[in-house]
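This report refers to the structure that appears directly beneath it.
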Amino acid sequence: MPHYRTVGEVPRKRHVQFRRPDGGLYAEELMGEEGFSSDASLLYHRYAPTAITKAEAVSGGHGVLEPNLPLSPRHFRTQDLAPEGDLVSGRRLLAGNGDVRLGYAATDRPSELYRNSMADECVYVKSGRARFESAYGALDVGEGDYVVIPTGTIHRWVPSGRVEALTIEASGHIRPPKRYLSQSGQFLEHAPYSERDLRAPTEPLIVEGEDVPVLVRTRGGLTRLTYRNHPFDVVGWDGCLYPYVFNIDDFEPVVKKTHAPPPVHQTFEGPGFVICSFCPRPLDFHPEAVPIPYNHHNVDSDEFMFYVGGDYSARAGSGIDVGSVSLHPAGFTHGPQPGAVEAVIASGATQTSELAVMIDTFRPLDLGPGALACEDGDYAWTWAR
């Protein structure tokens, strides 16, 4: 994260003796990226965070990906997928490549403690509410929230009723785009959001317990580690690495006289992909503007769009609805539905109501079993109707 935080009790200086009320030492844990060369936080545990008593291999995994063949645009109706599992075990793999894996989950069940040791995660909450609990503290999250979770963070999800979410698992770190930040990491004035829009834990979450299982994901698969003491025993931490929340309604869209391309909607970046937020905004205001996207061919990227609210007039009649995912691969030109341009101009509309989350990847996306289970097989031909 681009700014420093302190939560709970920490000593005045790093790596000095910090004693518990009984005279014993708190145990330090440094959570850091890129081998001590990037962002880090220092956590203070009541008990040794290294003490494990059991390690068991767990069967299962992400699911098998298949190439997008024959090459074509795709439409997946996540609203047709039945709820299962929790926000970790119930993820239905939609698409992925070596850089990112995209999933969908719908559930009302709490998850077990989980640590992704191979990837930052960004979970977009489409609907419902949940409590996100971690070693850093707790956060209440709800509709429209992006929850960014650093690699290695032990956490769990506790829904309040049914929750639907898009899950984004990177092969590295998810951060605000560099062009939004100063050399020292402060959000610049032209950025579409700022530090004030971010929510992070404000107090420790201390949970007692012994022989506590934690599901751990690595590139080799899943392991369930049993910790002697509950990992949520942190009395304080400080640093620039921690989970945080950003709500899509706080994104401030850039407006031009004519249609602006997707980079103006960029919200986060990861290795080999970007995350964009398409939010309600004034329509293009040049007197002769074409007020919806032009046909475009993504030469270097696949476009994965998750429709989460509003009205997508540019694709009216294509079957796209809230809960839909469209995949427009590199090698395919796509754009508005035939007749959509004329209809929007004739309507005199001055405002869009669209709300969507888009992931653009710079390597082709393969298809997961979750997507193939809810595909609308007629979508590719909708431009020819």
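When the letters of the sequence shown are read in order and numbered with my numbering, they come out as residues 25 to 409.
Glycine included, each C-beta is placed from N, C-alpha and C at the ideal position.
Alpha carbon of residue i to alpha carbon of residue j, nearest angstrom
i	j	result
Arg38	Ala224	22 Å
Gln290	Pro255	34 Å
Gly122	Tyr160	29 Å
His27	Leu66	14 Å
Tyr204	Thr191	24 Å
Val149	Leu111	10 Å
Leu239	Ser350	32 Å
Ala284	Arg125	27 Å
Ala162	Gly260	13 Å
Asp412	Val31	Any property of residue 412 remains undetermined from this structure, which presents the chain solely from 25 to 409.
Glu108	Gly394	12 Å
Closest residue to residue i among the options (Cα-Cα distance)
i	options	result
Ala129	Leu105, Pro97, Ala154	Leu105
Leu389	Ser371, Asn322, Glu366	Asn322
Glu145	Asp257, Arg199, Ser301	Arg199
Thr247	Gly85, Gly334, Pro277	Gly85
Val412	Ser62, Tyr68, Gln103	Residue 412 is absent from the structure shown; the chain starts at 25 and stops at 409.
Glu232	Asp326, Asn253, Asp400, Leu212	Asn253
Asp402	His99, Pro94, Lys78	His99
Glu276	Thr385, Val269, Ser301, Gly296	Ser301
Phe270	Asp169, Pro45, Thr374	Asp169
Phe356	Gln210, Leu229, Glu213, Asn92	Asn92
As assigned by DSSP and simplified to three states, the class of residue i
i	result
Tyr148	strand
Pro183	strand
Asp345	coil
Val40	coil
Pro287	helix
Arg220	helix
Beta-carbon proximity of residue i to residue j, cut-off 7 Å
i	j	result
Val171	Val147	yes
Arg305	Thr226	no
Ile383	Ile299	yes
Gly341	Asp400	no
Gly114	Gly152	no
Glu378	Gly334	yes
Ala404	Pro97	yes
Ile76	Leu265	no
His179	Ser195	no
Tyr138	Asp257	no
N-terminal and C-terminal residue of the alpha helix (DSSP H) that residue i is part of
i	result
Ala364	364-371
Leu396	393-396
Residue range of the unbroken beta strand (DSSP E) whose run includes residue i
i	result
Ile299	297-302
Met55	51-56
Arg100	Looking at the sequence shown, residue 100 is not Arg but Phe. Phe100 -> beta strand (DSSP E) spans 98-101.
Tyr68	64-69
Any C-beta of chain C under 7 Å from that of residue i
i	result
Val124	This model lacks chain C altogether; it includes just one protein chain.
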